[in-house]
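Visitor: Protein chains in written order, with the numbering used here: chain S, 3 to 141; chain B, 3 to 141; chain X, 3 to 141; chain C, 3 to 141.
Cβ coordinates follow ideal geometry from the N, Cα and C atoms, glycine included.
4 protein chains.
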Amino acid sequence: MAAFHFNITTGAGTPIYRQIGDQVRLGVATGALAPGDPLPSVRALADRLVINANTVAKAYAELVRDGVVESQQGLGFFVASKKRQVYSRAERLRRLHQALEAFVHEAVFLDFTADEIRESVDEKLADLELQPKPAGEKA
Amino acid sequence: MAAFHFNITTGAGTPIYRQIGDQVRLGVATGALAPGDPLPSVRALADRLVINANTVAKAYAELVRDGVVESQQGLGFFVASKKRQVYSRAERLRRLHQALEAFVHEAVFLDFTADEIRESVDEKLADLELQPKPAGEKA
Amino acid sequence: MAAFHFNITTGAGTPIYRQIGDQVRLGVATGALAPGDPLPSVRALADRLVINANTVAKAYAELVRDGVVESQQGLGFFVASKKRQVYSRAERLRRLHQALEAFVHEAVFLDFTADEIRESVDEKLADLELQPKPAGEKA
Amino acid sequence: MAAFHFNITTGAGTPIYRQIGDQVRLGVATGALAPGDPLPSVRALADRLVINANTVAKAYAELVRDGVVESQQGLGFFVASKKRQVYSRAERLRRLHQALEAFVHEAVFLDFTADEIRESVDEKLADLELQPKPAGEKA
DNA sequence: GTGGTCTAGACCACG
DNA sequence: GTGGTCTAGACCACG
């Protein structure tokens with residue numbers, strides 16, 4: 003992997019550590035990050051994003067906990083070869099629907115129509131270049 | 003309106019004051035709460051939910067700011083007769099995108115694909131029977 | 003911006019949290035506070051003014067809601083780079099009329115004539131050198 | 003005095019007792035209420051306005067304190083023959099400017115121009131039918 | 001009775 | 001370090 007870019011938006015609702023983790027997950031999902039690829043070092047990424055090193059460390063720790071990346075003592079962090087599925091499908095669906103509920107309620111409260119909501123979701127997903135997964139992968 | 007029930011989950015991620023606000027908004031949206039209906043008094047609701055009165059007051063204050071309910075000096079809070087359009091279109095879009103960001107981040111975190119996300123949104127919108135706005139009304 | 007001073011009058015009619023908010027708004031309006039300038043931390047300001055931290059937090063939260071300042075997670079509050087137009091025209095008019103009502107009631111209570119009231123408003127506006135908006139800017 | 007009408011707006015910022023007091027003061031100022039004219043009884047006005055009798059009593063008490071009306075034991079309240087000036091001119095100006103300051107700050111914050119502010123004040127004063135005082139009266 | 005403001009202090013998330 | 005939420009309780013204005 004050559005050029006994998008992180009970008010974070012501070013001040014938004016989403017915590018920085020979560021944004022970092024999500025971008026790694028997304029990279030793995032889209033294939034931008036392949037198994038074995040190294041992640042930037044904690045310090046390097048913290049410097050590049052001008053954020054606290056603890057924040058990067060927290061993001062990486064969560065990725066390790068979830069089996070997305072693996073830590074090689076003294077070498078750094080690498081994309082895991084095969085990802086463990088941490089949450090059960092039921093649990094994942096439960097959390098998805100909870101998040102969805104919050105989003106749709108806010109949108110309805112803001113007086114947006116179903117079409118406007120759908121459109122905004124489509125745009126956002128296109129932005130993320132979230133592609134359907136190749137074949138028989140996780141999820 | 004006869005029996006409007008509040009129930010809160012403590013220990014969950016969502017703050018109590020927000021849970022209260024959301025339930026009132028939802029009640030208004032579904033018609034369970036009609037314009038002019040009184041809300042429980044701050045102290046009464048605090049007692050009933052076994053939480054602090056300040057927490058209820060904070061929830062109610064936010065509802066007033068958003069034009070959902072109105073305060074009648076010395077009498078308490080009542081569902082607003084006609085919901086005002088408090089926010090500018092730019093602000094409403096900003097809030098929509100912020101809510102969307104949080105939702106999509108959670109979905110990505112949970113490893114759902116773009117198709118799965120879109121599908122879940124469609125289902126949810128269908129559930130709500132959210133129709134295009136008839137005229138100058140809110141959906 | 004070097005030295006921005008807050009001073010509050012306790013025992014007056016105006017709540018402390020509002021006095022703080024007003025002083026920030028005024029500072030922003032006059033340019034004493036420039037976009038990006040940090041506000042004192044909640045705890046620091048509370049200590050300096052010898053008031054409770056919650057009171058400062060309440061003031062800051064209102065400023066965030068109104069788009070005057072922005073919160074940077076873990077870093078504190080900063081003057082917003084460009085003031086958003088948060089409220090709809092209807093809402094802004096509603097607030098103007100409410101403020102006007104309070105003012106005129108006080109003036110009538112104090113037995114001032116219509117001419118005296120008008121004159122005092124003219125003087126005040128002249129003082130502020132409030133000019134018609136140049137372009138898409140705020141006055 | 004035959005038909006003197008009170009109307010109060012509940013839910014606004016101004017307390018009801020203040021609205022009642024202001025309308026009496028205004029009536030006296032415009033001549034709608036002449037010295038010796040009776041005010042509605044506390045109970046009658048409370049019934050008519052569908053408010054608490056304590057609220058009317060509080061308004062009347064303040065008017066008596068300020069020398070606008072006089073209480074005749076067992077008969078009720080009457081417009082005072084000659085009004086005492088309660089506050090010094092300096093004090094009245096101080097309070098006027100304080101109220102004005104709050105109003106103008108709010109208006110400026112809401113992005114209204116000087117012209118818009120002046121216009122809104124003129125309209126409001128016209129609504130109140132606040133006329134210049136006849137001759138060498140108070141104020 | 002109603003809500004509004006403020007305090008002192010705890011505990012948590014994020015950086 | 002930063003802010004966010006919540007509690008328990010006081011005191012006040014308004015009705």
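D39/C to Q25/C, Cα distance in whole Å?
Guide: Going by the C-alpha atoms only, they are around 14 Å apart.
Visitor: Residues of chain X with a CB under 7 Å from the CB of T12/S: which are they?
Guide: In chain order: Q74 and Q75.
Visitor: For F6/C, does the three-state DSSP call read helix, strand or coil?
Guide: Coil, per DSSP.
Visitor: Hey, is L112/B's beta-carbon within less than 8 Å of any beta-carbon in chain S?
Guide: Interface residue, yes.
Visitor: Starting from the beta carbon of I18/C, find every residue of chain B whose beta carbon is closer than 9 Å, and list them in chain order.
Guide: Within 9 Å Cβ-Cβ: Q75 and G76.
Visitor: Measuring only between beta-carbons, confirm whether G15/S sits less than 8 Å from chain B.
Guide: True, the Cβ-Cβ gap to chain B drops below 8 Å.
Visitor: Mind listing, in chain order, the continuous beta strand (DSSP E) runs of no fewer than 3 residues lying wholly within the region 49 to 109 of chain X?
Guide: With a minimum length of 3 residues, the continuous beta strand (DSSP E) runs that stay inside the region 49 to 109 of chain X are 71 to 74 and 78 to 81.
Visitor: Identify every run of the alpha helix (DSSP H) within the region 14 to 51 of chain X, keeping only runs that are complete inside it and at least 4 residues long; order them along the chain.
Guide: Listed in chain order, they are 18 to 32 and 44 to 51.
Visitor: Taking all protein chains shown into account, decide if T32/B is buried (16 or more other Cβ within 10 angstroms of its Cβ) or exposed.
Guide: When all chains shown are included, T32/B counts as exposed.
Visitor: Do the region 54 to 61 of chain S and the region 88 to 107 of chain S meet, that is, are 3 or more Cβ pairs less than 8 Å apart?
Guide: Output reads no: the region 88 to 107 of chain S does not touch the region 54 to 61 of chain S.
Visitor: Assuming A55/S contacts V44/S under a Cβ cut-off of 8 Å, what Cβ separation, rounded to an integer in Å, is found between them?
Guide: Contact holds; Cβ gap of about 6 Å.
Visitor: Identify, in the order they occur along the chain, each residue of the same chain with its Cβ nearer than 6 Å to the Cβ of E64/B, setting aside the five sequence neighbours on each side.
Guide: For E64/B, where only same-chain residues beyond five positions count, the Cβ hits under 6 Å are G23.
Visitor: Are the region 104 to 112 of chain C and the region 98 to 109 of chain X in contact at 8 Å, needing three or more beta carbon pairs?
Guide: Yes, the region 104 to 112 of chain C is in contact with the region 98 to 109 of chain X.
Visitor: Quick one, which of G76/X, A14/X, K85/X and I119/X has its alpha-carbon nearest G15/S's?
Guide: Cα-wise, what sits closest to G15/S is G76/X.
Visitor: Taking only beta-carbon positions, decide if A92/B is within less than 8 Å of chain X.
Guide: Output row for A92/B: interface = yes.
Visitor: Please go through the same chain and pick out, in chain order, the residues whose beta-carbon is closer than 7 Å to the beta-carbon of A109/C, but skip the five residues on each side of it.
Guide: The residues are I119.
Visitor: Under 8 Å between C-beta atoms, does S122/B make it to chain S?
Guide: At least one chain S Cβ lies under 8 Å of S122/B.
Visitor: Name the chain X residues whose beta carbon is nearer than 9 Å to that of Y62/B?
Guide: Result: empty, since nearest Cβ-Cβ is about 15 Å, beyond 9 Å.
Visitor: Is the Cβ of F79/X closer than 8 Å to any Cβ of chain C?
Guide: For F79/X, the answer is no, since every Cβ of chain C falls outside 8 Å of its Cβ.
Visitor: Using a Cβ cut-off of 8 Å, pull out every chain X residue sitting near R67/C, in sequence order please.
Guide: By Cβ distance, chain X contributes nothing, its closest Cβ being about 12 Å from R67/C, past 8 Å.
Visitor: Return no unless some Cβ of chain S is closer than 8 Å to the Cβ of V106/B.
Guide: Yes, V106/B lies at the interface with chain S (some Cβ there is under 8 Å from its Cβ).
Visitor: Cβ of F8/S within 8 Å of Cβ of L35/S?
Guide: No.
Visitor: Under 8 Å between beta-carbons, which chain C residues line up against R39/X? List them in chain order, please.
Guide: Strictly speaking, residue 39/X in this sequence is Asp, with Arg absent from that position. The premise fails here: D39/X is roughly 18 Å from chain C at the closest Cβ pair, so nothing lies under 8 Å.
Visitor: Consider the C-beta atom of R50/B and the heavy atoms of the ligand FAD; say whether any pair is separated by less than 7 Å.
Guide: Looking at this structure, you won't find the ligand FAD or any other ligand, since it has none at all.
Visitor: Where does V123/B sit, in a helix, a strand or coil, going by DSSP?
Guide: Note: V123/B maps to helix in three-state DSSP.
Visitor: If the criterion is Cβ atoms closer than 8 Å, does the pair L98/S and L112/B meet it?
Guide: For L98/S and L112/B, yes; Cβs fall inside 8 Å.
Visitor: Quick check on DSSP: helix, strand or coil for F111/C?
Guide: Helix, per DSSP.
Visitor: Who are the near neighbours of F79/B in its chain, counting only those whose CB is closer than 6 Å to its CB and skipping five residues on each side?
Guide: Closer than 6 Å at the Cβ level, and outside the excluded window around F79/B, lie L41, Y62, V71 and S73.
Visitor: Quick check: the Cα distance between I53/C and R20/C, rounded to an integer number of angstroms?
Guide: In a straight line, the C-alpha of I53/C is about 13 Å away from that of R20/C.
Visitor: Quick one: does A87/B have its CB under 8 Å from some CB of chain X?
Guide: With the sequence shown as reference, residue 87/B is identified as Gln, and Ala is not the correct amino acid for it. With 8 Å as the cut-off, Q87/B counts as an interface residue toward chain X.
Visitor: Sorted by chain position, which residues of the same chain lie with C-beta nearer than 6 Å to P37/X's C-beta, five sequence neighbours on each side aside?
Guide: So the qualifying residues of the chain are V81 and S83.
Visitor: Taking Cβ positions only, does T115/B come closer than 8 Å to chain X?
Guide: By this cut-off, T115/B is not an interface position.
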